[in-house]
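Below is one structure, written out as structure tokens, with a few remarks after it.
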Amino acid sequence: MKSVADIISSVMISGCVNFPVDKINLILTQIYSQSEEIFFHFTRNMFKYGMFEKDLLPLLLSSCMKLMSSDDARKKKSILQILSETVTSLKPILTSESDIKSFTKLYLYAPAKNSMGKKCLSSASACTVLEKFLIETLCFDELTRSNLPEIWAALVCLPHIRFLNIEYVSKVLQELAVKIHKYLLSTQFTKLDHAEEWSFTLCQAYFVFLVITADYEKENCFNTKFFIDLLKKHSRSLGVLRMVDLHLRSYKKLPSLEELGTTCEELTLHVIPNLASPYHLERLLTLQILNALELSPKQSEDRSESVLNICIEAERIPLDVQSYREKVKWLRKLEYQFVEKNIPIIYDTFLKKVPVYYLLGNLYINFKLLWDPSISVLETYAHGTTEIFWNVLAEHLSKITELCETGENADSSLETENESESYSAFYRSLFQFCKRDENPDVINHRLLLWKAMSQFSDVVEPKNKTVVPFLFRFMTNEVVKVDTSMAATESVNKTQWDGDMSDTVMKEKCIESETAFQKRKRRLKQETPQKSKKLKSEREKGLLNDTLDNDESVDMIDVNNEEGESNSDGNEESEVESEEEEEIVQVPQTKMTKTSAKRKRHVAKTLAALLSVFAKFKNPKAIYKTEELQKLYNELLSYHDPDIQRLSFDCLMTYNYNYLIPYKDNFYRILDNKTFKSEVVLFSLDTENHVIQEQHRINVLPVLMRIMYGKMLHKTGNNTTGKSQAQTRRSLVLRFLAGCKAEELKMFFDLVFLPFKEQLSDDTLTAVKKVRESIDLSNVVPIRRQHSALNTLGLILQHLGNLIPELLYWLLKVLLIITATSVTLLEKREEVLPQCVTLLKAVRTQAVMKLMQFFKSFPQYDFKPDEIDAVFESIVWPILPRLEHESINQPSPLLRLLATWSEKPRYFVLFAKHHENSASLTPLPHLMDLYSCPRAKSRVVGVISKIIFQLLTIENETSEEEEKLPPLEINCHLSLLGVIIDGVPAAFGTKLLLPFVDKILSRIEMTVSVVTKKKVKKSISTRDLTILLRISKYVNDSAQCSK
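This is the structure:
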């Protein structure tokens, strides 16, 4: 039957078929003779029908009155619901004075005859039944929140009934209002929307009372004190504000504030802060309420010049490009010198706060052209009535700061979802009644407040004890959480984050990094085919897949394999980059998610606004916590944002240090991206040039180095911008610092590697063992800072390494600490946030690359035995047992490190080192197991072939300088038997390989079999032939000879 009702309703509303009147009546009578579920459903579908009031309403009322006699509470609720929905669809609900004045009744009445032609109740009798039914609904013994929709539904219908007993109904309405009034005054609401539900219902009761008793004058409960008490308790409720505004404006003469039992102080405390609300309706209603109250015994003759009237006129002007100038003109009239003379002395403090709050509220408006005029008018109050102004501003700023930290809006918005499927009309009407059109940006509002304060910094400076804590609070609660470059540590503990999901900053960062890494892989996948083509052409010229001499065999990334390996546990460690790609990509720090990027921008802008206030202080040495401020300014000099750097330097310059003043212009040119490149050439740090006086160097260089470090993290001028030029920027800075002495450069290194300060206090092996044994997942150096440190370390080794041999041990210690950290965290991946694993793999790969760089760049470095132990403890021992599994498809970081060691005879002894607790744990057995594995890919075999080739041959090609280098001293190494062939003792590299002759021959046998099976005959590579030639001397087994 519902389907039939739907078809009929669609046809009747569309008007495509013209039914005779008698046919329409017959159809409707048949439908309304069905069950209540059917005709209720049909009624809702017909709300848009043009003749609803004439054709359907009488039948609906007749059917509803039959159901009213039932004792079924569910049916009664259904009747109230359908009647309220009907009324609200045909007539607007009462929400304002204009609605009350223009109110017209719907005239709820029943037909004289029912569907069977029998007589029904008279109109008066029917109205009495309806009235009784609605009154019973209003008379709950105990009011609860669940009763409110029913009460509201009855209130909506009540004024549309004819022949009401006005005296009795008004009495019931007053009793209901008093109950709601008491509940509102005695209850502490945790949510604004719950209070709004009660005030909305009370507002409806009051408006119905006004409509019903329009011509009925008698004393009632709705007096001024009734509303003022509500206003003091629920000053932010729109329902209360609407009622109070309507009540006060309907009286010609109101009692004084004293007679109402309130004072200006109470109104100031509860009501005036509404003027700083981000919502237009709240500000306007509050202004109208305050204007309606008698604030002075003798009002000014020209009321248009009063503060409240000026604010009202400004607020009433619609906000658009055409009319904003008119609004600005009214705002200008609020300047302190203009309004001061019109403020009665008795209400001086009260009325001076009104424009301050109102102007603060205007800074919420999302219209940029209003901000500067509002700030300039605010400035007049800052200088004209400083104490009153500051009390208001400090309280407002504290509240806004708290909102920004918690991420909430200026006011909790009303929940739009219905809490019940029934009485949806109540919740829809409530939402429309309390709807606020604005979407306030609290963070931007706070930014504007600090920008305004920079305009009257002379007023702010004496209040430094209030202002300084805001800066430290902002750094702790927002900057450090958003920007890992300012955070000392972070938590990667999955359990901890699962337990506390309120702060998602860390998770966002990890997700961003993981997303960036995947984008990088896609880009590399697109680049890989070009490199593969080049390799293929070389192979066709006679080179075997597994014997490539080209370094591409080591450095190429098999992206397809990498993607496949990401799905298998055995190979998930094998993500590795070529050096070329690592130099281009650096770290997976690409675009962030929109939310996080927006948060970062806001934090940077707000920090700049705060610093701009402190940069204008005249006597910083006398302000609150000045030493801590100086420390913070110095830290911010190394911030990656050039604006923050410049403002931090401005703040330092307010201290008028004698050692900074002579170089002020130089520093500002370095801070300016446009002049940075030229200034670093002219501003030499060489002691011979004396650009910086000798007595100033000790104080100037720490400041300069912090600035230069910040420049390394951001763009530095023409031709040195963008992520692709990150290495260029850093190289430029390091070349500039090359003129410093070693002890001065140590200050720069301390700054770059500050997060590792605690670990660096131990010797290298102890530091690594502490990381391996007792790492705290909830307190690790931010992963991104580890990335940044590794990038900088690589450039330091490249540009400064040969200038500071006495500091190489220190740099190696940093490198091994980072390596051990990433390796240890990856071993505990089950406890680490999954989003961080990809980033940690990149850190580990990058750390091994830098370790390879160290061994290649400083072959003369005098490694201590403990340092060698630290190298093995940090990267070799943890990964070596898994080498043959993780390097099957492509060379792993550890395999490439072993390849680096094979390039210098001085490092050969490292292949003989074994674990202190297990002599079998040594590199070569695992390397040879991988070499002889049939599943090993060609590029992997190529790397190991190169290692073997170099172990067999490179000792004969060493230079005189290499021969003069002292051999490495290591702990726990294998004892190798001496072998003499034809009177010539075997070289050390050869002795290392002798136990593995059989596995080497097996690999060569596999290579030969592959060559013979190919249709296109290819020769065996020179490298393999050389290996076979050298190793064949030491074959002493018949089985090996047969191979």
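Quick note, the sequence shown lines up with residues 29 to 1071 if you use this note's numbering.
Each residue gets a CB set at the ideal place from its N, CA and C atoms; glycine is no exception.
Straight-line gap, residue i to residue j (C-alpha atoms, nearest Å)
{"i": "residue 658", "j": "residue 357", "result": "43 Å"}
{"i": "residue 643", "j": "residue 675", "result": "7 Å"}
{"i": "residue 343", "j": "residue 316", "result": "11 Å"}
{"i": "residue 624", "j": "residue 714", "result": "42 Å"}
{"i": "residue 105", "j": "residue 178", "result": "7 Å"}
{"i": "residue 779", "j": "residue 1054", "result": "50 Å"}
{"i": "residue 239", "j": "residue 463", "result": "24 Å"}
{"i": "residue 878", "j": "residue 1057", "result": "35 Å"}
{"i": "residue 82", "j": "residue 232", "result": "27 Å"}
{"i": "residue 569", "j": "residue 1026", "result": "Residue placement at residue 569 cannot be trusted, given a pLDDT of 36 that sits under 50; the coordinates are not used to answer."}
{"i": "residue 833", "j": "residue 734", "result": "23 Å"}
{"i": "residue 132", "j": "residue 236", "result": "12 Å"}
{"i": "residue 732", "j": "residue 629", "result": "26 Å"}
N-terminal and C-terminal residue of the alpha helix (DSSP H) that residue i is part of
{"i": "residue 814", "result": "811-827"}
{"i": "residue 734", "result": "722-740"}
{"i": "residue 60", "result": "Residue 60 -> no alpha helix (DSSP H), and no H or E assigned at all."}
{"i": "residue 462", "result": "Careful: residue 462 lies outside any alpha helix (DSSP H) and carries neither H nor E."}
{"i": "residue 1139", "result": "Residue 1139 cannot be examined here, being either before or after the span of the chain that is shown, 29 to 1071."}
{"i": "residue 501", "result": "492-502"}
{"i": "residue 1036", "result": "1025-1041"}
{"i": "residue 898", "result": "893-899"}
{"i": "residue 800", "result": "792-802"}
{"i": "residue 178", "result": "176-185"}
{"i": "residue 683", "result": "Counting along the chain, residue 683 falls outside any alpha helix (DSSP H), and DSSP gives it neither H nor E."}
{"i": "residue 22", "result": "Lying before the first or after the last residue shown, residue 22 is absent from the chain, which here runs from 29 to 1071."}
{"i": "residue 778", "result": "770-780"}
{"i": "residue 979", "result": "966-981"}
Buried or exposed by the 16-neighbour rule on C-beta atoms within 10 Å, applied to residue i
{"i": "residue 806", "result": "exposed"}
{"i": "residue 722", "result": "exposed"}
{"i": "residue 954", "result": "buried"}
{"i": "residue 102", "result": "exposed"}
{"i": "residue 783", "result": "buried"}
{"i": "residue 812", "result": "buried"}
{"i": "residue 242", "result": "exposed"}
{"i": "residue 29", "result": "exposed"}
{"i": "residue 374", "result": "exposed"}
{"i": "residue 738", "result": "buried"}
{"i": "residue 40", "result": "buried"}
{"i": "residue 35", "result": "exposed"}
{"i": "residue 270", "result": "buried"}
Cutoff 9 Å: residue i Cβ touching any chain C Cβ
{"i": "residue 29", "result": "Checking the listed chains, one finds no chain C in this structure; it contains a single protein chain."}
Simplified DSSP state of residue i, which is helix, strand or coil
{"i": "residue 1057", "result": "helix"}
{"i": "residue 383", "result": "helix"}
{"i": "residue 551", "result": "With a pLDDT of only 49 at residue 551, under 50, the local geometry of the prediction cannot be trusted, and the value read off the model is given with reservation. Helix, per DSSP."}
{"i": "residue 21", "result": "Because the chain is modelled from 29 through 1071, residue 21 falls outside the range shown and cannot be assessed."}
{"i": "residue 1001", "result": "strand"}
{"i": "residue 941", "result": "strand"}
{"i": "residue 321", "result": "coil"}
{"i": "residue 1072", "result": "Nothing in the structure corresponds to residue 1072, since the chain is present only between 29 and 1071."}
{"i": "residue 1013", "result": "strand"}
{"i": "residue 371", "result": "coil"}
{"i": "residue 136", "result": "strand"}
{"i": "residue 521", "result": "strand"}
{"i": "residue 946", "result": "strand"}
{"i": "residue 916", "result": "coil"}
{"i": "residue 832", "result": "coil"}
{"i": "residue 66", "result": "helix"}
Cβ distance (whole Å) where residue i is taken to contact residue j below 8 Å
{"i": "residue 631", "j": "residue 511", "result": "7 Å"}
{"i": "residue 258", "j": "residue 209", "result": "7 Å"}
{"i": "residue 364", "j": "residue 408", "result": "4 Å"}
{"i": "residue 825", "j": "residue 915", "result": "About 26 Å separates the two Cβ atoms, so there is no contact after all."}
{"i": "residue 799", "j": "residue 848", "result": "4 Å"}
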